[in-house]
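The structure appears right after this line, and notes come after that.
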Amino acid sequence: MALELKGIIPPMVTPLNADGGLDEKGLEKLIEHLINGGVHGIFLLGTNGEAPSLSYALRKELITKACKYIRGRVPVLVGITDTSFSGSLDIAAHSKEAGADAVVVAPPYYLPISQEEMIDYLERLIPQLSLPVMMYNMPSCTKLHLSLETVKKAKELGAIGIKDSSGDMSYFYSLIEAFKETPEFSIIVGTELFLPETIIYGGHGAVAGGANFLPELFVDLYNASVAKNLEDIKILRNKVAFVNSSIYCVGKNASRITKGIKCALSVMDICEDHMALPLRKFENKEREKVKEYLDQFAGSQVA
18 MALELKGIIP PMVTPLNADG GLDEKGLEKL IEHLINGGVH GIFLLGTNGE
68 APSLSYALRK ELITKACKYI RGRVPVLVGI TDTSFSGSLD IAAHSKEAGA
118 DAVVVAPPYY LPISQEEMID YLERLIPQLS LPVMMYNMPS CTKLHLSLET
168 VKKAKELGAI GIKDSSGDMS YFYSLIEAFK ETPEFSIIVG TELFLPETII
218 YGGHGAVAGG ANFLPELFVD LYNASVAKNL EDIKILRNKV AFVNSSIYCV
268 GKNASRITKG IKCALSVMDI CEDHMALPLR KFENKEREKV KEYLDQFAGS
318 QVA
């Protein structure tokens, strides 16, 4: 049976201990929190998972243990993007062995590459993968904004969908239009506030970072969008907007979103909020601010 990617698929953070090892207890609690919140899949080793900062050994440990804890209850997607071609193949093979359902591929980061070079890369990579492939457009981190032609080529090679985190709504609409005759090719948005438009105009779901700590909110917004319930969409989107303008704005560095997500999970006693170097977790002042915002949210002061 073909894998169907839709709904809310959180880009799960990687729970870490103070020594940089995997926070196994936190990992299990986080997975239960996500599944109990109704998510439709879990994406390991994405941007919020700090994948490039983790050793191959730790990435493999995360994949193995996450698949064990998830137990096939929702699809598991694993990011295999790497500067090393063989490194990507190695993580992909391990993902298959561990029981993952798909892999996610973005352009190799650091070196600037062209669309032609990316297509050549995919022509070599995809035939060697034993799991379905979802493309990942993240130009702010990879230096390449995947063109529509590159995405079409990826589909020809066997890709089953794309997650777009460019924040470019015009580009996103062009994806929906280009693949409207092939609804089995999933169009997934990475910008949380775009979720209602994504669903209403023919997209399939969202890889929403905030669903790490508020999975029910994003699942409810997805369901309201599917039902085209404009009144519920307005209320729920306002809550998502509050998260974007509060928790995501604590701290002054670009890393504040991932830090804020991890800090929120720590405040909720779900997992540790230690970060992989070069990032560091929030100090007490920022943590108290995150707690204050969570308390406001929980107190139904956001409408």
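Take our numbering: the last position of the sequence shown gets the number 320, and nothing is skipped along the way. Just so you know, even glycine gets a beta-carbon here, dropped at the ideal spot from N, CA and C. Computed from a predicted structure; not experimentally measured.
Residues that DSSP places opposite residue i in a beta bridge
{"i": "asparagine 154", "result": "Asp181"}
{"i": "serine 283", "result": "Answer by DSSP bridge pairing: none, since serine 283 is not bridged."}
{"i": "proline 28", "result": "Phe60"}
{"i": "serine 203", "result": "Gly178"}
{"i": "alanine 2", "result": "Because the chain here runs from 18 to 320, residue 2 falls outside it and cannot be looked at."}
Candidates the options, of which the one nearest residue i by Cα
{"i": "tyrosine 73", "options": "Ser191, Glu209, Phe314, Ala109", "result": "Ala109"}
{"i": "asparagine 154", "options": "Thr64, Glu248, Asp249", "result": "Thr64"}
{"i": "leucine 294", "options": "Leu71, Lys197, Ser105, Val267", "result": "Leu71"}
{"i": "leucine 282", "options": "Leu51, Ala115, Val91, Glu114", "result": "Leu51"}
{"i": "valine 267", "options": "Ala195, Ala228, Val307", "result": "Val307"}
{"i": "lysine 113", "options": "Val95, Gly104, Gln313", "result": "Val95"}
{"i": "isoleucine 143", "options": "Gly116, His162, Leu106", "result": "Leu106"}
{"i": "leucine 174", "options": "Leu47, Leu139, Leu128, Ala195", "result": "Leu139"}
{"i": "valine 62", "options": "Thr98, Met186, Ile87", "result": "First, the amino acid is wrong: residue 62 is leucine here, not valine. Looking at the Cα atoms, Thr98 is the closest of the given residues."}
{"i": "glutamate 67", "options": "Gly226, Thr167, Asp249", "result": "Gly226"}
{"i": "leucine 161", "options": "Ser187, Tyr127, Leu146", "result": "Tyr127"}
{"i": "isoleucine 278", "options": "Glu49, Val30, Pro129, Glu300", "result": "Val30"}
{"i": "threonine 275", "options": "Lys197, Tyr239, Gly89, Arg297", "result": "Arg297"}
{"i": "phenylalanine 102", "options": "Arg141, Met292, Asn301", "result": "Arg141"}
{"i": "valine 121", "options": "Leu146, Pro129, Glu134", "result": "Leu146"}
Close Cβ partners of residue i (< 6 Å) along its chain, the five nearest in sequence each way excluded
{"i": "aspartate 40", "result": "Pro32, Leu33, Asn34, Cys288, Glu289"}
{"i": "aspartate 115", "result": "Here residue 115 turns out to be alanine, not aspartate, going by the sequence shown. Closer than 6 Å at Cβ, skipping near neighbours: Ile80, Thr81, Cys84."}
{"i": "threonine 215", "result": "Val206"}
Integer-rounded CB distance, given that residue j should sit under 8 Å from residue i
{"i": "leucine 55", "j": "valine 236", "result": "Checking the sequence shown, residue 55 turns out to be glycine, not leucine. Yes, glycine 55 and valine 236 are in contact; Cβ-Cβ is about 4 Å, under 8 Å."}
{"i": "histidine 111", "j": "isoleucine 80", "result": "6 Å"}
{"i": "alanine 123", "j": "threonine 159", "result": "5 Å"}
{"i": "proline 232", "j": "isoleucine 59", "result": "At roughly 10 Å, the Cβ-Cβ gap does not stay under 8 Å, so proline 232 and isoleucine 59 are not in contact."}
Other residues of its chain near residue i: CB distance less than 8 Å, five sequence neighbours each side excluded
{"i": "glycine 178", "result": "Leu22, Met151, Met152, Phe202, Ser203, Ile204, Ile205, His221"}
{"i": "leucine 20", "result": "Pro92, Asp118, Ala119, Pro149, Ile177"}
{"i": "alanine 195", "result": "Leu165, Val168, Lys169"}
Whole-angstrom distance between residue j and residue i, CA atom to CA atom
{"i": "lysine 82", "j": "glutamate 45", "result": "9 Å"}
{"i": "isoleucine 252", "j": "alanine 315", "result": "15 Å"}
{"i": "isoleucine 136", "j": "lysine 170", "result": "7 Å"}
{"i": "glutamate 303", "j": "asparagine 270", "result": "12 Å"}
{"i": "asparagine 255", "j": "lysine 180", "result": "23 Å"}
{"i": "threonine 208", "j": "valine 260", "result": "13 Å"}
{"i": "proline 69", "j": "tyrosine 218", "result": "33 Å"}
{"i": "leucine 212", "j": "serine 182", "result": "12 Å"}
{"i": "glutamine 313", "j": "asparagine 229", "result": "18 Å"}
{"i": "threonine 199", "j": "alanine 244", "result": "22 Å"}
Close-in-space but distant-in-sequence residues of the same chain around residue i (CB under 7 Å, 5 per side omitted)
{"i": "serine 164", "result": "Gln132"}
{"i": "tyrosine 310", "result": "Ser263, Ile264"}
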